[in-house]
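Report on the structure given below.
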Ligand code: MTE
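In our numbering, the protein residues as written are 100 to 427.
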């Protein structure tokens, strides 16, 4: 499919808002009265609170989870950046839109269906799961196809644990994921340029891999709406668009499911979408990335991109026999 409008493609580095404009927008929001709301906030209030005075009730609730150790070679992306620089097209296409707009997402109640090729279809009460499951913290690199990256302390539950509870049949070869789509809660979604609901997919062996995480929190607390509350996928060896947000349905299938970005531009966004510095995106290089750490978001320092985003030892065997020079 031809891309007719810049908003129809993930934005390139060249087209993202310059930081000066972004800062002006923050100043404007304060000028419109958010400054007063910010004054009433507790000292720990983050960027979300400043941009979105009607933060969802479950935002910021501490979670019980086993603690991860930060690997010596990684530096965490500050929480304020993780929750204010987002891609969530249902709430707008600028990086700052989701933090400003996603407070309209109604987080409770939330159910997640697991169905299709399973012996035991499930309808999971996600908040009950969050409060009763053995949650783990996992510190992962996160690499967006737009060539920026972060390091994020997620909290979640292994995807394979949930899938196994539904007992996949021998016909289950793929797993399809679907995000919530509700135009009433997402009034600007129609302008996003992508077909909704947002859908993603994995091969069953990828879905069962121990690195595949269903995240329900970050930085020790429940997920902010803009990061995909209350439950989203995190696949650290794949480009970020595979990490689908605010999931309502998981379906196990015999055949490969369609995926949102691949439907829109198959020559740019593959089904597998494994991070691969040797294969450039048709419109920009994937050899390096802007690491978003301390300091500016748009002038962040560049670093080399690693095959499978640094997780080759764990996942490369899933792709033996596939030609990784191709755009997957
Ligand atoms: N899921 C939905 N439902 N809608 C989206 O627009 N964007 C994807 C992915 N999941 C997206 C989504 C993309 S392109 C990226 S890079 C990551 O979410 C961004 O996750 P983050 O905002 O938590 O960094």
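Beta carbons are placed, not taken as given, at the ideal position from N, Cα and C, and that holds for glycine.
If you compare the alpha carbons of 412, 419, 245, 191 with that of residue 310, the shortest gap goes to 412. Rounded to whole angstroms, the Cβ separation of residue 298 and residue 275 is 7 Å, and the two are in contact under 8 Å.
DSSP places residue 360 inside the alpha helix (DSSP H), whose first and last residues are 359 to 363. By the Cβ test, the segment 193 to 210 is in contact with the segment 219 to 226, since at least three Cβ pairs between them sit closer than 8 Å. Following the DSSP letters along the chain, one finds residue 198 inside the alpha helix (DSSP H) bounded by residues 196 to 200. With a threshold of 7 Å, the Cβ atom of residue 368 does not count as near the ligand MTE, since no heavy atom of the ligand is closer than that. Apart from sequence neighbours up to five positions away, the residues of its chain that approach residue 285 with a beta-carbon distance below 6 Å are 189, ordered along the chain. The DSSP-derived three-state label of residue 231 is helix.
Beta-bridge partners assigned by DSSP to residue 160: none are found.
Per DSSP, reduced to three states, the secondary structure at residue 408 is helical.
Burial check for residue 393: the Cβ neighbour count within 10 Å stays below 16, so the residue is exposed.
Looking at 162, 391, 271, 312, the one whose alpha-carbon comes closest to that of residue 173 is 391.
In terms of Cα proximity to residue 362, the closest of 283, 245, 199, 292 is 292.
For residue 261, no beta strand (DSSP E) segment is defined; the enclosing uninterrupted segment is the alpha helix (DSSP H) at 258 to 264.
By the neighbour-count criterion, in which 16 or more other beta carbons inside 10 Å mark a residue as buried, residue 398 falls on the exposed side. For residue 229, same chain residues with a beta-carbon under 6 Å away, outside a window of 5 residues either side, are 315 in chain order. Here DSSP, grouped into helix, strand and coil, assigns residue 337 to strand. Here residue 169 is exposed, its C-beta having fewer than 16 other C-beta atoms within 10 Å.
DSSP places residue 299 inside the beta strand (DSSP E), whose first and last residues are 298 to 302. Taken atom to atom, the span from the alpha-carbon of residue 372 to that of residue 396 is near 24 Å. The closest CA to that of residue 376, considering only 367, 404, 355, 349, is found on 404. With respect to residue 304, residue 417 sits close: the two C-beta atoms are nearer than 8 Å. When the alpha-carbon of residue 179 is set against those of 233, 215, 239, 252, the nearest one is in 252. Of the heavy atoms belonging to the ligand MTE, at least one sits nearer than 7 Å to the Cβ of residue 189. Using a Cβ distance threshold of 8 Å, residue 247 and residue 329 do not count as a contacting pair. When 164, 235, 243 are compared, the shortest CA-CA separation from residue 181 is found for 243. For residue 326 and residue 335, the gap between their C-alpha atoms comes out near 15 Å.
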